[in-house]
Every structure is written in structure tokens, then in C-alpha cells.
Amino acid sequence: MKIEESSIVETNDYRVIIYPASRPFETKEAKAITEKLFDFLATWAAHGKPLDSSFKIEKNQFIVVCVDEEKEMASGCSIDALGKIMREIDEQYQLGLFDRMKASFVHNGEVKTLKLQEFKAQVRSGELPKDIQVFDFSKNTYLDFLSHFVLPLEKSWAAGIV
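The following block contains the structure:
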């Protein structure tokens, strides 16, 4: 499986786990994160069976991990192992990967991230326009990620809170 290149379109509906950082990665961070994840995924297994998996860094801020569960299901222990390596990355670089009280969106062509309350306040006040695109980190299949990761505000999860 290879998803590192956005131009490659996969046909299987892989399981997706998205880790959104609170800020863009610095070049050195992206390189170190890439190396650490390549090493981890090369040995990632469920009950001793290798998991066919890959990842990509999307928009220089979001880590998207995919696993082909048609070949082997990711177990609770394997997901815990992924969570452990992601927590190590998060702690090392202070990325906020596990902070779910934030919103990421595209404004004036740039990816921005705000605390959820600040995001709501800025949309309601008009400081942020209603025509922004919002990222949805709840996508759990690759096909859903490809088609619905970024949506207009009015069609996104955020429509109900602003």
C-alpha cells in the first residue's frame, strides 16, 4: 500500500486514522516524523501478523495513517501501539495531535487552526467568512477521506455549531 503521493488513487477502502497537529510542521520535524513512522509501520503488526499500512503528511499539518484491513485487521493492541508512537511524536514536538477541541480550516488559501471556542466566535462575528473550507478529522475510510476531508463550512461538521 502506498498513499504518500496524492496522485495515487487507491481502490480499496482502507481504514484511516487522522492525527491533526495544531500547527504546520517545520521541515526538520516533518523529516523526523516521516522517518519514525516509516520505521514503525515497517514492523507494525496485529497478533504477530504484519499490517499492510502507510501514511502521508497532508497539508504539512495532518498525519494520515492507513491500514488495509481486508488483509489483516488492526487489533486493539496494534492501535494502542500506533497511539503510543503518535504520543511520543506529539510530546517531542508539542503538536497537539490529541487535542480534539480545535478546528482547522482554509482561509485565504492557508491552513489555519484555532481553539474550537475561538473558531465559533470568529465565524459568528463575521471575522471568519462563511465560505471557508473546514477539515473533518473523523473520516475513518480512505475513500471518505479523499472525498470529504475538506468541505465548505455549511456542509461540514462545523455547520451545526456556528
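Take the sequence shown: its letter number 122 is residue 122 in our numbering, and every next letter is one higher. Where is the CB? At the ideal position from N, CA and C, for every residue including glycine. Since the model is a prediction, treat every value here as computed from it, not as a measurement.
Residue range R15 to P20 is occupied by the beta strand (DSSP E) that includes Y19, with no alpha helix (DSSP H) assigned at that position. The C-alpha of D80 is placed about 16 Å away from the C-alpha of K36.
Secondary-structure assignment with DSSP links L114 through a beta bridge to A103. Put simply, the segment 47-57 does not touch the segment 87-103. Fewer than three CB pairs are less than 8 Å apart. In the DSSP assignment, K84 falls within the unbroken alpha helix (DSSP H) covering G76 to Y93.
Around the Cβ of E29, a 10 Å sphere holds 16 or more other Cβ atoms; the residue is buried. Nearest in C-alpha terms to F62, of all of L151, E88, D136 and S156, is D136. Around R124, the same chain offers V162 as residues with beta carbons nearer than 7 Å, after the five sequence neighbours per side are excluded. Cβ atoms of I132 and V150 stay farther apart than 8 Å, at about 10 Å. In the three-state DSSP reduction, E58 falls in the strand class (E or B).
R15 is not a Cβ neighbour of V64, given a cutoff of 8 Å. For the pair K31 and K112, the Cα-to-Cα distance works out to about 21 Å.
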